[in-house]
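Chemist: First, the structure itself, so that you have it in front of you.
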Amino acid sequence: MRYVFGPVPSRRLGYSLGVDIIPPKYCTYDCIYCQIGKTTDKDIRRKSFYDPGLVADEVAGTVASTRVDVITFSGSGEPTLNSDLGTMIRKVKEKVDTPVAVITNGSLLHEKDVRADLAEADVVLPSLDAVTEEVFRKVNRPQSFLDIGKIIEGLKEFRAGYAKPIWLEIMLIKNINDDPDELRRMVEIVSSLGVDRIQLNTVTRPPSEETAGRIEKDELKQICELFGPRCEVICSFEKTGEIPAQADWTEIILETLKRHPLTLADVVRTTSLSRFQARTRLKAMEKKGLVKSYVLGDDLFYVVA
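Quick note, in this note's numbering, the sequence shown goes up one by one and the last residue is 305.
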């Protein structure tokens, strides 16, 4: 499959069929916490990359063979950099009834055409990891023409014209954007955005930079209280899914690993394999040099070799 990956377990959306419409690491940011490595093409120019009809056909074909909760445009880079995003969403909706989500860093929401494209989705999940320029540049390392004030205004403009759900993610990093002053400003700004949910996250997968440290659960809960009742700490995925028995597990696992690292438990949830079968498959793939593993915290992660 060229454009579709998964379905994969999503902490926010349930069982999610990913749609990757951007070349690897083509992004407006180079976030220190990114789980798929450093950005190779940092840009803010929107381009047409793939045929929208082919993308929609692949999505529809996959949905027909497995159950999913949501179709999610995300993947290897920033999806709003694809100028055909709105067309792709419309074509997908012509073929399937499954809700469509877009996960975006929100950096281009100040552009009218980006807001129009995102308006086609059933739920939009932007991120906002900082509200001061200094912290913004430390955490997200944006393309040089971007500034945090413009991004915040873009979020406000999008909210004003979009009546469907907006779930805002905030990635908190130890000793970088968890400073009390930054958090106080963050609470003030976020309260003015009118989003439906505020979802706190921290580093749980191997990051791009070792300096991106995780914040412990108890501290996250304390920070969550600052944002009020709409705020939650993102929980682990618990729902199981169904994938055809004849599926090529090696290909499915590799396609998912290209987008983000997985633990053994992730592989079990992504597939219909037992823990023993998943462990055996991963060991065989590691022996062949297809994947490699390393430890972060208490977890063993697998990545593409």
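Don't be surprised by glycine CBs; every beta carbon is placed ideally from N, CA and C.
Short of 6 Å in beta carbon distance, which residues of its chain neighbour Cys34, apart from the five on each side in sequence? Order them along the chain.
Modeler: Counted from its first residue, the sequence shown places residue 34 at position 34. Only Ser208 meet the Cβ criterion.
Chemist: In the DSSP assignment, what residue or residues form a beta bridge with Gln199?
Modeler: For the purposes of this step, residue 199 is taken as the residue at position 199 of the sequence shown. DSSP lists Glu169 and Glu232 as partners of Gln199.
Chemist: Could you tell me which residues DSSP pairs with Gly14 in its beta bridges?
Modeler: Position 14 of the sequence shown, counting from 1, holds the residue named residue 14. In DSSP, Gly14 forms a bridge with Ser10.
Chemist: Let me confirm a value: Tyr294 is counted as buried when at least 16 other C-beta atoms fall within 10 Å, else exposed. Which label applies?
Modeler: The residue given as residue 294 occupies position 294 in the sequence shown. Burial check for Tyr294: the Cβ neighbour count within 10 Å stays below 16, so the residue is exposed.
Chemist: Just reading off the beta strand (DSSP E) that Leu300 is part of, what are its end residues?
Modeler: Here residue 300 refers to the residue found at position 300 when the sequence shown is read from its first residue. It spans Asp299 to Val304 - the beta strand (DSSP E) in which Leu300 sits, taken as one unbroken run.
Chemist: Do Val102 and Leu118 have their C-beta atoms closer together than 8 Å?
Modeler: Along the sequence shown, one-based indexing puts residue 102 at 102. Along the sequence shown, one-based indexing puts residue 118 at 118. Yes; because the gap between Cβ atoms is below 8 Å, this pair is in contact.
Chemist: What residues in its chain sit with their C-beta under 8 Å from that of Pro23, if we drop five residues either side in the sequence?
Modeler: Mapped onto the sequence shown, residue 23 falls at position 23. Only Asp41, Phe49, Ser76 and Gly77 meet the Cβ criterion.
Chemist: Quick one: measure Cβ to Cβ for Thr28 and Ile71, integer angstroms, because I've assumed they're closer than 8 Å.
Modeler: Here the question's residue 28 lines up with position 28 in the sequence shown. Here the question's residue 71 lines up with position 71 in the sequence shown. Rounded, the Cβ-Cβ distance is 23 Å, inconsistent with contact.
Chemist: Looking at the structure shown, is Ala101 part of a helix, part of a strand, or coil, going by DSSP?
Modeler: Taking the sequence shown and counting its residues from 1, the one referred to as residue 101 is at position 101. Here Ala101 sits in strand by DSSP.
Chemist: Nearest by alpha-carbon distance to Leu146: which of Pro180, Lys156 and Gly106 is it?
Modeler: Your numbering for residue 146 matches position 146 in the sequence shown. Minimum Cα distance to Leu146 is reached at Gly106.
Chemist: Measuring only the C-alpha atoms, how far is Asp43 from Gly61?
Modeler: Taking the first residue of the sequence shown as 1, we reach residue 43 at position 43. Taking the first residue of the sequence shown as 1, we reach residue 61 at position 61. When rounded, the distance between both Cα atoms is 32 Å.
Chemist: Is the beta carbon of Val303 less than 8 Å from the beta carbon of Lys288?
Modeler: Here residue 303 is taken as the residue at index 303 of the sequence shown, counted from 1. Here residue 288 is taken as the residue at index 288 of the sequence shown, counted from 1. Against a cut-off of 8 Å, the Cβ pair of Lys288 and Val303 comes out as no contact.
Chemist: Ser83: which of Glu111, Arg67 and Val92 sits nearest, CA to CA?
Modeler: Here residue 83 refers to the residue found at position 83 when the sequence shown is read from its first residue. Among Glu111, Arg67 and Val92, the Cα nearest to that of Ser83 belongs to Glu111.
Chemist: Quick one: measure Cβ to Cβ for Ala130 and Ile152, integer angstroms, because I've assumed they're closer than 8 Å.
Modeler: Residue numbering aside, residue 130 sits at position 130 when the sequence shown is read from its first letter. Residue numbering aside, residue 152 sits at position 152 when the sequence shown is read from its first letter. So it is not a contact: roughly 10 Å between Cβ atoms.
Chemist: How about Asp17 and Val92: are their beta carbons less than 8 Å apart?
Modeler: Looking up residue 17 in the sequence shown gives position 17. Looking up residue 92 in the sequence shown gives position 92. A small correction: the amino acid at residue 17 is Leu; Asp does not occupy that position in the sequence shown. No.
Chemist: In the structure shown, what three-state DSSP assignment does Ile21 receive?
Modeler: Within the sequence shown, residue 21 is the residue found at index 21, counting from 1. The answer is coil: DSSP assigns Ile21 none of H, G, I, E or B.
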